[in-house]
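Here's the structure, in structure tokens; my notes come after.
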Amino acid sequence: MTISRIAAIAASISLVSLVTGAVFAQTPAPSPSPTPTPSPTPKGGAPAPPARPPQPPTNKPKPYAEVITKEAKTDDGIIKTHQIDDKVYFEIPKAVYDKPILWVTTFSRIQTGRMPFGLEVQDRVVTWERRGDKVLLRSTDYTMRSKTDDGTRQSLDLLNLQPILMVFNVAANGPADSAVIDATPILTTDVNEFSPKRALGVVRLDSARTFIETVKSFPTNVELNVLATYADANSNSVSAVLHHSLVALPEKPMKPRLEDSRVGFFSTGFNEFGGDKNRVEETVYINRFRLEKKDPTAVLSEPVKPITWYIAPEVPKKWHPYVKAGVEAWNEAFEAAGFKNAVVCKDPPTKEQEPDFDVDDARYSVIRWLPSEILNAYGPSLVDPRSGEILSASPKFFHNILKLQELWYFTQASPNDPRAQKLPLATDVIGPLLQYVVTHEIGHCLGFPHNKKASSSVPVRLLRDPEWTKKWGTEASVMDYGRFNYVAQPTDGVTNLIPKIGPYDVFATEWGYKPLPGDDPESEKAELDTIAQRQVSNPMLRFGHGEETRESQGDPGQRSEDLGSDPLEATPLGLKNIDRVLQYIVAATTKPGEDYQYLSEMFGNLVGQRQDELSNVAALVGGFTQTDDHYQQGGAEVYTPIPAGKQKQAVAFLMANAFNTPKNMLRPDILARIESSGATDRVLQSQVSLLIGLLSESRAKRMVDQELLYKGKQPIYTLTELMNDTRKGIWSELVTPQNVAIDAYRRGLQRQYVQALGARLTTSASEMRPLARLSLMDTQVAIKAALPKTTDRATKAHLLDCNQMIQQMLYPNKG
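As structure tokens, this is what we get:
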């Protein structure tokens with residue numbers, strides 16, 4: 003699988019195991035006939051003939067007028083709907099048979115305390131199939147396809163049977179061979195493929211408390227609301243309004259575009275059989291909106307149909323300008339693809355303008371605002387699995403995304419923005435932060451995944467340059483997780499500290515959305531390759547999935563929460579800013595008459611920021627640089643080790659800054675206000691986390707591989723050196739000529755070091771195990787040599803305890 007293959011959260015068409023039609027069939031199996039009871043013989047006459055056994059119902063179609071009565075509330079559209087009392091009938095025209103329909107189920111309303119992560123429930127492609135006096139609803143799968151019309155296509159039919167989700171009796175025949183069915187059962191029973199049980203944490207649906215509320219039909223879709231009530235494992239009632247959208251896929255699929263690992267897009271893949279290669283091919287299309295020029299001959303043209311987002315009514319009015327600006331910021335990038343005003347954001351139409359507009363209608367892309375404590379936002383999309391066309395994409399913003407931005411901006415950027423040195427942040431400060439989040443999530447909606455390489459492609463000097471940051475923000479792509487500018491110093495004069503549309507975003511939009519000649523995706527490959535090769539000379543155009551793929555997890559340039567091309571240059575600057583924040587954190591987070599809850603929370607966030615910045619340095623150790631050049635384009639190697647000198651320098655930096663007692667963080671004016679005890683553990687645990695990560699099994703394996711591949715060809719920082727340098731740094735007090743004294747923080751860290759290495763003796767099968775044993779033996783020797791030099795009782799007790807721990811780890815079977 004190529005490294006750019008990634009599935010969008012709501013773009014995938016989920017698959018389930020085959021479900022036979024009988025399981026969810028509308029027509030029940032006939033009950034067994036009872037044994038006939040002999041009729042009594044009438045007096046004075048011959049015996050009566052035996053009673054006729056009960057006959058099973060015929061379920062033949064009835065006359066149209068007997069089913070669709072005058073009481074029906076009828077709505078005409080792609081499927082004519084009729085609502086009669088508590089039933090809903092679908093009148094399915096012949097033209098809809100066997101045509102792909104995207105069935106999307108979402109939450110429209112939900113009861114307090116049951117908010118799942120997001121509103122999506124299920125989505126899948128289905129077809130309606132007429133079979134005599136029955137109509138079948140079948141799930142459709144596009145993950146296996148054939149390139150040719152030879153026997154391969156026939157063999158695929160044998161293995162690609164489409165499961166039956168439900169069977170309906172034809173209640174009546176309508177005009178032009180249309181079929182009228184009672185669609186109520188699929189809406190009021192618990193069909194697994196459309197069920198929200200997992201999202202709600204419930205176990206069963208109560209059909210007696212489930213009602214169809216609204217039904218609307220349009221030229222290309224049907225929209226329904228169902229008030230459903232479930233019971234959870236404790237028999238508690240859980241109600242939700244489910245919205246079902248049945249949307250016809252485009253009659254003509256969009257011309258797809260083949261993915262390229264060098265440019266990041268969410269994608270839709272399938273296995274293709276019957277090609278020229280002697281294997282099954284995985285074909286992957288990028289996910290993107292259909293965008294066509296009004297004037298195909300113009301270099302820059304308005305689109306025939308712009309990509310439009312509506313702001314849902316629940317979005318607070320004061321945020322509308324920032325939301326609109328965040329969406330339309332992408333127009334700059336689309337100009338590189340030849341489109342002017344490609345992206346539009348507007349308020350929804352009024353009832354007078356468009357009476358049938360509904361924010362739950364799957365045809366529309368709508369920005370939603372969810373009342374939840376979740377510190378997040380996300381940008382899902384609905385995709386045509388045949389071509390990768392994004393049909394709609396409705397980003398969701400949880401209300402507490404504002405709190406998350408406040409936490410980050412105060413922690414990272416307040417030394418350079420005096421307005422942020424007092425909380426809560428004013429609207430004119432937090433508004434642009436929301437705008438940044440909107441731009442990021444709209445990027446996901448447009449098909450772009452995270453680009454974790456973008457922040458590390460920017461030299462640190464540019465992050466301190468007022469002109470560069472004013473134009474580009476803090477990183478080469480708004481789709482990275484670099485966040486706000488924690489590198490710039492107050493004397494630099496940098497005023498824009500927030501990410502913006504960057505060089506990579508412009509490049510990727512051109513690559514993905516530029517109209518190209520040709521009838522099939524193969525015809526575009528040459529020009530797309532030419533565009534992609536710009537990366538060779540411009541590192542700001544590079545893409546990387548980072549921690550989200552196994553292949554990239556050892557690249558220190560593909561991390562979250564990092565800025566700058568060199569962590570050893572960026573992190574010292576960031577740590578200086580953390581020291582500045584500590585000077586005013588109490589005043590910023592407190593008010594007369596209020597408690598210190600926000601101080602505690604913000605201090606914890608500051609500890610986390612410090613750990614993130616130090617972790618960026620630790621990532622250099624045993625790391626590599628991944629450069630996704632294709633064959634004979636750019637460099638010869640995809641993976642190259644971080645230079646040995648850089649790795650050794652990183653370890654020395656950590657010993658001096660991460661593992662020494664962080665006295666600047668241990669401030670009584672802060673910690674004494676947070677809690678009576680335990681507050682200092684936050685700092686210690688961050689140190690322990692860094693230490694365990696430095697000695698991790700995955701890092702050890704990478705270092706062993708680098709030694710095997712490159713020793714003798716270039717300098718290599720070996721695992722043996724790392725273990726030796728770490729031991730000396732963690733136990734540096736032991737080489738003191740006299741009066742050895744170790745403070746409580748360092749004692750706690752040293753105990754954790756012993757325990758971490760001890761665990762490697764029993765859990766590791768790699769080179770880490772013998773080196774861990776040797777490090778413990780060397781530590782024990784150093785402890786024994788230091789004991790006579792200490793007069794501090796706490797230090798002496800600690801050394802004796804560690805010596806005993808090591809002894810038991812090395813020789814567990816000795817008495």
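Following my numbering, the numbering of the sequence shown begins with 3 at its first residue and continues without gaps. Where a beta carbon is used, it is the ideal one built from N, C-alpha and C, also for glycine. Predicted model, so just to flag it, every value in this text is computed and none were measured.
Annotated as proximal: VAL742 and ALA788, with beta-carbon spacing under 8 Å.
Taking the Cβ atoms as the reference, MET657 lies roughly 16 Å from VAL685, outside the contact range of under 8 Å. By the neighbour-count criterion, in which a residue is buried when 16 or more other Cβ atoms sit within 10 angstroms of its Cβ, MET705 is buried. Bounds of the beta strand (DSSP E) holding GLU284 are 283-288. A distance below 6 Å between beta-carbons, with the five flanking residues on each side excluded, links VAL361 to the following residues of its chain, in chain order: ALA314 and VAL368. Straight-line measurement puts the Cα of ALA774 at about 5 Å from the Cα of LEU759.
A direct Cα-Cα distance of roughly 20 Å separates ASP135 from THR71. The C-alpha of VAL508 lies about 4 Å from the C-alpha of ALA335. Around the beta carbon of PRO739, a 10 Å sphere encloses fewer than 16 other beta carbons of the protein chains shown; the residue is thus reported as exposed. In the structure shown, THR76 adopts extended strand secondary structure according to DSSP, grouped into three states. Residue pairing by DSSP places VAL345 opposite ILE309 in a beta bridge.
Judged by beta-carbon spacing, ARG544 lies within the 8 Å limit of LYS455, meaning their Cβ atoms are closer than that value. Leaving aside the five residues that flank ARG762 on each side, the residues in its chain whose CB is nearer than 6 Å to its CB run, in chain order, MET770, ARG771 and ALA774. MET779 counts as exposed, since fewer than 16 other beta carbons sit within 10 angstroms of its beta carbon. For SER700, the enclosing alpha helix (DSSP H) covers residues 699-712. Beta bridge pairing from DSSP links THR270 with TYR287.
It is roughly 37 Å from the alpha-carbon of ARG111 to the alpha-carbon of LYS342.
Within its own chain, the residues whose Cβ lies closer than 6 Å to the Cβ of THR76, once the five positions on either side in sequence are excluded, are HIS84, listed in chain order. Contact annotation: VAL317 and VAL325 have beta-carbon atoms nearer than 8 Å. In this chain, the beta strand (DSSP E) harbouring VAL228 covers 223-233. Around the beta-carbon of THR150, fewer than 16 other beta-carbon atoms lie within 10 Å, marking it exposed. For ILE94, the enclosing beta strand (DSSP E) has its first and last residue at 89-94. Pairing GLY636 with THR627 gives a Cβ-Cβ distance that is not under 8 Å. When beta bridges are read from the DSSP output, LEU104 appears opposite VAL127 and VAL249.
For LEU377, the secondary structure class from DSSP, reduced to helix, strand or coil, is coil. Taking 8 Å as the cut-off, the beta carbon of SER247 is found no closer than this to the beta carbon of ALA338. Inside the region 663-691, DSSP marks no whole beta strand (DSSP E) run of 3 or more residues.
Take TYR719, set aside five residues on each side of it, and the residues of its chain with a beta-carbon closer than 7 Å to its own are ALA646, GLN649 and LYS650, in chain order.
With distances taken between CA atoms, ILE644 lies nearest to ASP557 out of ASP597, VAL690, LEU616 and ASP557.
For THR728 and ARG264, the gap between their C-alpha atoms comes out near 37 Å. For ASN579, the uninterrupted alpha helix (DSSP H) segment begins and ends at 569-591. By the Cβ neighbour-count rule, SER141 is buried, with 16 or more other Cβ atoms within 10 Å of its own.
Between LEU406 and ILE432, the CB-CB gap reaches or exceeds 8 Å. One thing to note: ARG536 has its Cβ no nearer than 8 Å to the Cβ of ASP494. The beta carbon of LYS295 lies closer than 8 Å to those of SER303, GLU304, PRO305, VAL306, GLY340, PHE341 and PRO517 in the same chain, with the five residues before and after it left out.
Contact check between the region 575-594 and the region 474-484: fewer than three CB pairs, one atom from each, fall below 8 Å, which does not count as touching.
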